[in-house]
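Engineer: In my numbering, the protein residues as written are 59 to 327. Okay, handing you the structure first.
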């Protein structure tokens, strides 16, 4: 195997690969020309640089960061804002640009992304970050289970439907599905099955008739008539769980447990 940096002058560049959740794979290199290896063409992106990579034998999360300019045709500000790079898998490594011998140094996924319209910085999370999750549930007045997920007990198929997009309003960040009960889908989820944001999960934060307001920006290009997967929503209160879904037996919360404000409460007439 190629040993990097074992000589005074070395022909080494860095590379990184991004595997988005919508199926797109992007690859870049800090070299001044494109390099093809490992089945991918790595585009020359000298303005994008990996920051220091921290690897340890400890259980703490290994940290890394990538910084770059928002001028590469594959990294657009609108796509970052639209969430196309959220939770994307990433690989960072070193490559010999003469022999194309390469070695992956870091694997993980993209966490927080910050941009100021001229450049972006992406915080990367290694697989070790899963070890930092708190497995002990905290008491809460609302249900901690994901709707139709583990602990909820309700069928996702029952509350999920395929709809056809009837209208889109980019300025108001909302979409329309003819004849849809919008109120039932507040706090729900939408995923387009066609268009530039295929596979991206949108949260539904408000509704007016059959218009749904989404929690992240829409990008231009999703056509009217596109198919979308819609799942109804739940506000995670015991009233909704019992009255609307008849699922109080599976409620994962403590709605009647006194909270920290117990001493500040007063009787109601």
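Ideal placement from N, C-alpha and C gives every residue a C-beta, glycine not left out.
Quick check on DSSP: helix, strand or coil for residue 228?
Structural biologist: Here residue 228 sits in coil by DSSP.
Engineer: Would you call the segment 305-315 in contact with the segment 268-287, where contact means no fewer than 3 C-beta pairs closer than 8 Å?
Structural biologist: Cβ pair count under 8 Å is below three, so no.
Engineer: With distances taken between CB atoms, is the gap from residue 226 to residue 233 smaller than 8 Å?
Structural biologist: Against a cut-off of 8 Å, the Cβ pair of residue 233 and residue 226 comes out as a contact.
Engineer: Would you call the segment 288-300 and the segment 145-156 touching, i.e. three or more CB-CB distances under 8 Å?
Structural biologist: Result no; under three Cβ-Cβ pairs closer than 8 Å.
Engineer: What does the Cβ neighbour count give for residue 314, buried or exposed, with the cut at 16 atoms within 10 Å?
Structural biologist: By the 10 Å Cβ count, residue 314 comes out exposed.
Engineer: Would you kindly report the start and end of the unbroken beta strand (DSSP E) that includes residue 218?
Structural biologist: Taken as a continuous stretch (DSSP letters only), the beta strand (DSSP E) holding residue 218 covers 218-222.
Engineer: Below 7 Å CB to CB, which residues in the same chain sit around residue 220 once its five sequence neighbours on both sides are set aside?
Structural biologist: Answer for residue 220: 285, 287, listed in chain order.
Engineer: Using beta-carbon positions only, say whether residue 238 and residue 272 come within less than 8 Å of one another.
Structural biologist: Cβ atoms of residue 238 and residue 272: not closer than 8 Å.
Engineer: Short of 6 Å in beta carbon distance, which residues of its chain neighbour residue 162, apart from the five on each side in sequence? Order them along the chain.
Structural biologist: 149, 151.
Engineer: Where does residue 297 land, buried or exposed, given buried means 16+ other C-beta within 10 angstroms?
Structural biologist: Exposed is the call here.
Engineer: How is the beta strand (DSSP E) around residue 154 delimited, first residue to last?
Structural biologist: Where residue 154 is concerned, the enclosing beta strand (DSSP E) stretches over 147-154.
Engineer: Do you know offhand how far residue 63's Cα is from residue 168's?
Structural biologist: Using only the alpha carbons, I get a separation of about 28 Å.
Engineer: I need the DSSP call for residue 71, collapsed to helix, strand or coil.
Structural biologist: In the structure shown, residue 71 sits in a strand (DSSP, three-state: E or B).
Engineer: Closer than 7 Å to a non-hydrogen atom of the ligand SAM - does that hold for the CB of residue 273?
Structural biologist: Of the ligands one can find in the structure shown there are none, so the ligand SAM has no counterpart to examine.
Engineer: My output table needs one value for residue 63: the three-state DSSP class, helix, strand or coil.
Structural biologist: Three-state DSSP puts residue 63 in coil, outside helix and strand.
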